[in-house]
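Residue numbers (the working numbering), protein chains in the order written: chain A, 2 to 305; chain B, 2 to 305.
So the structure is just underneath, and the comments pick up after that.
Protein chains: 2
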Amino acid sequence: MDQITVRAPATIANVVCGYDCLGLALEHPFDEITVRRSRSGITISHHDDFGLPTEPEKNVAGVALRAMLDAGGIDGGMEIEITKHIKPGSGLGSSAASSCGAVVAANRLLGDRYSKLELVEFVMQGEMVASGARHADNVAPCMFGGMTLVRSTEPMDIVTLAHPSIFATVIHPQIEIKTSDARSMLPQTVPLKDATRQWANLGAFVAAASQGDLRLLGRSMEDVVVEPARKALIPKFDEVKEASLAAGALGGGISGSGPAMFMLCPDAETASKVSEAMRLVYEPTGIDFKLYCSPIAGSGARII
Amino acid sequence: MDQITVRAPATIANVVCGYDCLGLALEHPFDEITVRRSRSGITISHHDDFGLPTEPEKNVAGVALRAMLDAGGIDGGMEIEITKHIKPGSGLGSSAASSCGAVVAANRLLGDRYSKLELVEFVMQGEMVASGARHADNVAPCMFGGMTLVRSTEPMDIVTLAHPSIFATVIHPQIEIKTSDARSMLPQTVPLKDATRQWANLGAFVAAASQGDLRLLGRSMEDVVVEPARKALIPKFDEVKEASLAAGALGGGISGSGPAMFMLCPDAETASKVSEAMRLVYEPTGIDFKLYCSPIAGSGARII
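Laid out in structure tokens, this is it:
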């Protein structure tokens, strides 16, 4: 076994009502990460044109892998080859995909020495580099697949949620919003009544997902805390949402810290209609954009 | 059909991590409410010594029933006979039990004209009298039984949660805390990071309940917003909690706005041990107290 290639999925964090804890994995887009053992050190190469750093201490995958090698006292090095399809700064968990992919591949090379939860801890080191904070809301679904809820990051406590077989439609306007900027727009405090409304929605969302109650799932996708602060960063946010709901989407909003927006849909046909509705809103803007329709992925980063 | 008697259960609101939305029903204690049709007006009598008002416009059951009769344009009156076992001001949903019991009984006398959700709306009128606010976190479990989550009160949106077969142990120190006082102690705003932690816990609680994951259920019963503010009102709060957890409780805290405290337990035997642990903490205080062990009730207010 000389090299391992992993497909690591794009992820949607927050999912409207679960800021900083809820997330889900998509089947596509995804990144591909190949890892080989080498004599020493970590080297990184990219087969994409995003211009990400290749110095391992500046690249999230390098930082995550370094944490793993150091924790295990592992001799020798690793080469990481990354082909990104998830654009950095999209709000689709690009950094989580790079680093989850790298540690999942490296872990197989090491004989599956670490559990997924342990791998998450290594990846968190990379996320600290990407966003300056210990957030796992993209990492958890990227590693475990499906829908996940991060109850706590210290200690790490990740819950895999039961969910119906639904689809997500994503529009990614090709503008950049840095996670750190998006975070700085957030209120530091929240009125108790808004916080209460938010947690009632999240509780209802989790119940709806486990019961397969799609109408309740849609009603629960309401965000009175983060979306009002952040949506100004995203052109045509309200129009995209309105057109998507009219086309049959259950609900949706900002993906992670944006600028990508997503809508959950009951089936592939509706997801496709919603995609068309999004296109009609965005084409007149002159802003370049990408559209994705994807089922929620059953698995997270996986060896191919 | 001359008269109908309903048994209306005590309820635990908030359930630690779900302030103002989560609730559950107990099999006991419960109130018994008998309603008869009469010529005109609403009359109320009490077979208990709590000294509650019998003027229908000051009694929560009278207010709820009045709302129901007015909504339906119903001729004639009703007599309500209440035997309370749930002490007012206990934090165990005493007012919700009175008014749910009254409207469920009256509804049967009227040929089940209203749905449970419609009955909840009438009961909310009574709750406005009791607490000055539109809260349904006791009303929902009292009406529907089991574990409930109130996603929204305008419009009313109540979710019945799947939950494992577990028990609650309750200690009710015989001191009074008014709901309005307990509410005034709450912070008006919450740091976003605390709010996030709270909603992650509530999401995890709902997932744990649906998956029957008792350890996760216990870990999720953490309250960084309300409990720190309110626990000072309750003598020996920390000691009761600590002794209960040591005796095998999954987790617990303040029931509603207190002073009752509750602990969820995996089985009847543990619930009994927890009850004994609570007793040992409270006996030396000289404060009178009552203890209850109960399964979570499968049904809410029901005709007997």
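Heads up, the beta-carbon is just placed ideally off N, CA and C, and yes, glycines get one too.
A distance below 7 Å between beta-carbons, with the five flanking residues on each side excluded, links I176(B) to the following residues of its chain, in chain order: P260, I288.
Residues of the same chain with a CB within less than 6 Å of the CB of A272(A), apart from the 5 flanking positions on each side, are F168, T170, C266, C294 in chain order.
By the criterion of a C-beta distance shorter than 7 Å, S221(A) is surrounded in its chain by C18, N202, A205, F206, A209, once the five residues flanking it on both sides are discounted. I305(B) counts as exposed, since fewer than 16 other C-beta atoms from the protein chains shown sit within 10 angstroms of its C-beta. Chain A has a Cβ within less than 8 Å of the Cβ of A196(B). At a beta-carbon threshold of 8 Å, the residues of chain A lying near S211(B) are A163, V207, A208, S211, Q212, ordered along the chain. From the beta-carbon of G73(A), no residue of chain B is found nearer than 7 Å; the closest lies around 28 Å away. If you keep only unbroken alpha helix (DSSP H) runs of at least 4 residues inside the stretch 64-143 of chain A, you get 95-110, 117-132. For Q4(A), the enclosing beta strand (DSSP E) begins and ends at 4-14. Apart from the 5 residues on each side of it in sequence, A278(B) sits with its Cβ closer than 6 Å to the Cβ of A244, S245, A248 in its chain, given in chain order. Within the stretch 172-184 of chain A, no residue has a Cβ lying closer than 8 Å to any Cβ of chain B.
For I5(B), the closest of L23(B), V104(B), L25(B) by C-alpha to C-alpha distance is V104(B). Contacts with chain A at 8 Å (Cβ-Cβ) include S221(B). With 16 or more other Cβ atoms inside 10 Å of its own Cβ, S258(B) counts as buried. Under the three-state reduction of DSSP, F206(A) is assigned to helix. Between L162(B) and G147(B) the beta-carbon gap is near 7 Å, inside 8 Å, which marks them as a contact. Residues of chain B with a Cβ closer than 9 Å to the Cβ of S153(A) are, in chain order, R198, A201, N202, A205, R220, E223.
Minimum Cα-Cα distance from G42(A) among the listed residues P54(A), A26(A), V64(A), G52(A) corresponds to V64(A). DSSP places D239(A) within a helical segment (H, G or I) once states are collapsed to three. Around the C-beta of T286(A), fewer than 16 other C-beta atoms lie within 10 Å, and the residue is accordingly described as exposed.
Less than 8 Å separates the beta-carbon of L187(A) from that of V227(A). Nearest neighbour of S185(A) by Cα position, chosen from F51(A), S153(A), R231(A), A68(A), turns out to be R231(A). In the three-state reduction of the DSSP assignment, E284(B) falls in the helix class. A check of alpha carbon separations from A9(A) across K237(A), H48(A), L215(A), E28(A) identifies E28(A) as the nearest. For the pair D138(A) and G24(A), the CB atoms are nearer than the 8 Å cut-off.
About 21 Å separates the Cβ atoms of T35(A) and L93(A), ruling out a contact at the 8 Å cut-off. Within the stretch 155-216 of chain A, the runs of beta strand (DSSP E) that reach at least 3 residues and sit entirely inside it are, in chain order, 157-162, 168-174, 190-192.
Between the beta-carbon of T197(A) and that of D21(B) there is about 5 Å, and that keeps the pair under the 8 Å contact cut.
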